[in-house]
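Worksheet for the structure shown next.
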Amino acid sequence: MAALGITVALLVWAATLTLISVWKQIYSSWNLPPGPFPLPIIGNLLQLDLKNFPKSLTKLAERYGPVFTLYLGSQRTVVLHGYKAVKEALLDHKNDLSGRGEIFAFQFHKDRGITFNNGPGWKDTRRLSLTTLRDYGMGKRGNEERIRREIPFLLEALKGTQGQPFDPTFLLGFAPCNVIADILFRKHFDYTDETGLRIQRLFNENFHLLSTGWLQLYNIFPSCLQYLPGSHRKVLKNVSEIKDYTSERVKEHQQSLDPNCLRDFTDCLLLELQKGRYSSEPWYTLDNIAVTVADLFFAGTETTSTTLRYGLLILMKYPEIEEKLHEEIDRVIGPSRIPAIKDRLEMPYMDAVVHEIQRFIDLLPSNLPHEANQDTVFRGYVIPKGTVVIPTLDSLLFDKQEFPDPEKFKPEHFLNENGKFKYSDYFKAFSAGKRVCVGEGLARMELFLFLSAVLQHFNLKSLVDPKDIDLSPIVIGFAKIPPHYKLRVIPRSG
Ligand code: HEM
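Numbering (this note's numbering), first residue to last: 4 to 497.
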């Protein structure tokens, strides 16, 4: 019996060695960028810290260089690290590497809409969305006015806290949520509206859960983990509830559509469907419109909302920076006029602070995953079609040469010696190339105008000693999630 056991064990051992050696031969026959040797099935899982995926990539880059191969389970992945490699991939190879790597938590959006679309309809859906956003009162001027119209609502809600401690998450979130809701379906939520709160809760919960270790693991092994209980089910449920909401809005709009009087983005997309310009295209459907609207609603709310929330926490830690901002706002805008985008030219300090907030919080450290659309020769290596490509953004935002002391919050990173705003090409918080963020212009305007308006009217008061404020994110993965906190806002005049 014992002899049989030993024989079986030896056979298993020999078979495993043979498998590994065959695997090694296949693996080294491809001209892939270097990287840690992957094990069958689990790939390079052992080299990854699922609680801080971006940091694992930085560590691997130190060992294997700015372009390396990694296996997430069996998914071949090429990681790009640092300004040169990332820019080369996003701009010089913008066509080859502009596919979208799959995020399984968004499987209901697969090959529809914009963000998670890796199908044949992505290009046209994106193009149509961009022209619509530009041409129908949603261009620069239209959006500036929209944001300025929202400012009194935000200030009123802040005033309503009457100097008492409050959690800013949803109160601040209503501002960007209303701006994008107005664009998409001409909707405005009151700051206590239950539906508005529910939607924000879904966005906020998903952004958080997507960044946890479990969801990183789920994204690597979806077919095994989908049957288990766990927070991936919650994310899928939330995604589906958000899509139900946008589907309802799209149906409502369809019933009341007047081609001579287009009300918003949804109407414009519905008119295209009615005109039948894309009638031969199987992807141009009502469902595609609902997913496109859901993509813009989620991306347009949660990113800006989180940035504003993180921004206020940072400013509470550095009261001397807040003080300088008050001084600049008082000098350029005064106490009552609603801030305008033209003020930015005369407010280099605020401009620098907004950039530094985005750099420092590093909201989407590993970008969204791209995918090679075709076999691509990159620096002499071959990136085969279907390979996931990660053009990391933290490697630019934390570049030691470009931003000395990158771990420190220093508005001087974006100021020259004369106190003027200093542009940096390493500032790629919105990525670049064919997949560059659709809402970059809108988000930049919102951050500048909302922060200026809040600081024009209020002093921020931390509930703890500013020195004790810990700015470290509570979860790092898909995004970096700021710590929960409460604050008080004290009116500056009147
Ligand atoms: C602080 C705010 C924001 C940040 C930091 C941010 C950042 C990003 C990043 C890094 C990407 C991935 C780009 C890539 O794959 O290379 C992205 C994509 C996207 N963003 Fe934003 N974003 C912000 C706000 C917004 C807003 C306000 C909107 C909507 C109006 C928006 C809509 C989108 C969409 C639709 C995509 C997908 C583009 C595509 O796949 O073609 N984002 N964003």
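C-beta atoms are modelled at their ideal positions from N, C-alpha and C, and glycine is treated no differently.
Proximity to residue i [Cα-Cα], best of the options
i, options, result
"residue 74", "53, 96 and 48", "48"
"residue 464", "93, 366, 479 and 161", "161"
"residue 290", "276, 283 and 461", "276"
"residue 33", "65, 79, 265 and 58", "79"
"residue 314", "98, 409 and 362", "362"
"residue 421", "352, 360, 450 and 284", "352"
"residue 220", "425, 51 and 66", "51"
"residue 260", "129, 278 and 195", "278"
"residue 356", "310, 428 and 35", "310"
"residue 472", "218, 320, 42 and 130", "320"
"residue 242", "253, 273 and 203", "203"
"residue 484", "366, 428, 491 and 493", "366"
"residue 327", "429, 46, 414 and 139", "414"
"residue 333", "323, 59 and 350", "350"
"residue 172", "201, 396, 42 and 82", "201"
"residue 177", "89, 303 and 323", "303"
"residue 456", "325, 396 and 467", "325"
"residue 468", "490, 231, 458 and 38", "490"
"residue 442", "179, 81 and 380", "179"
"residue 459", "133, 330 and 395", "330"
"residue 82", "120, 35 and 111", "35"
"residue 60", "106, 317 and 393", "393"
"residue 42", "53, 57, 69 and 77", "77"
"residue 87", "402, 281, 138 and 181", "402"
"residue 3", "126, 38, 280 and 217", "Any property of residue 3 remains undetermined from this structure, which presents the chain solely from 4 to 497."
"residue 410", "306, 400 and 417", "400"
"residue 428", "445, 406, 449 and 444", "406"
"residue 58", "322, 446 and 369", "369"
"residue 238", "390, 252 and 206", "206"
"residue 412", "246, 388, 323 and 249", "323"
"residue 53", "212, 382 and 265", "212"
"residue 148", "292, 97 and 448", "448"
"residue 248", "97, 145, 187 and 445", "187"
"residue 390", "71, 255, 293 and 262", "71"
Residue i burial status per 10 Å Cβ neighbour count (16 or more: buried)
i, result
"residue 497", "Residue confidence is low: residue 497 scores 49 on pLDDT, short of 50, so the model does not pin down where it sits. Its coordinate-derived value is still stated next. Looking at its Cβ environment, which holds fewer than 16 other Cβ atoms inside 10 Å, residue 497 is exposed."
"residue 240", "exposed"
"residue 100", "buried"
"residue 435", "buried"
"residue 345", "exposed"
"residue 115", "buried"
"residue 128", "buried"
"residue 214", "buried"
"residue 453", "buried"
"residue 426", "exposed"
"residue 268", "buried"
"residue 487", "exposed"
"residue 440", "buried"
"residue 103", "buried"
"residue 417", "buried"
"residue 109", "buried"
"residue 493", "exposed"
"residue 95", "exposed"
"residue 10", "exposed"
"residue 305", "buried"
"residue 16", "exposed"
Count the CB pairs spanning the segment 181-199 and the segment 148-158 that are closer than 8 Å, and state whether there are at least three.
-> Yes, they touch.
Flag this pair as touching only if the segment 327-344 and the segment 476-485 have three or more C-beta atom pairs under 8 Å; answer yes or no.
-> The answer is no - the segment 476-485 does not touch the segment 327-344, with fewer than three Cβ pairs under 8 Å.
Taking the runs of the alpha helix (DSSP H) that are 4 residues or longer, which of them lie wholly in the segment 242-326?
-> The qualifying runs are 268-278 and 289-320.
Give, in chain order, every unbroken run of the alpha helix (DSSP H) that is at least 4 residues long and sits entirely within the segment 65-114.
-> Entirely contained in the segment 65-114, the alpha helix (DSSP H) runs reaching 4 residues are, in chain order, 86-90.
Output the residue ranges of the alpha helix (DSSP H) runs that lie fully inside the segment 211-241 and measure 4 residues or longer, sorted by chain position.
-> Within the segment 211-241, the complete alpha helix (DSSP H) runs of at least 4 residues are 216-223 and 225-228.
Does the segment 115-124 come close enough to the segment 291-306 to have 3 or more Cβ pairs within less than 8 Å?
-> Verdict: yes, contact present.
Kindly provide the ranges of any alpha helix (DSSP H) runs that are 4 or more residues long and lie completely inside the segment 338-379, ordered along the chain.
-> DSSP runs (the alpha helix (DSSP H)) wholly in the segment 338-379: 351-364.
What residue ranges within the segment 390-429 form continuous alpha helix (DSSP H) runs of no fewer than 4 residues, ordered along the chain?
-> Every alpha helix (DSSP H) of 4 residues or more that sits fully in the segment 390-429 is shown, in chain order, as 397-400.
Taking 8 Å as the threshold, find out whether the segment 54-66 comes into contact with the segment 373-390 through three or more Cβ pairs.
-> Not touching, per the Cβ criterion.
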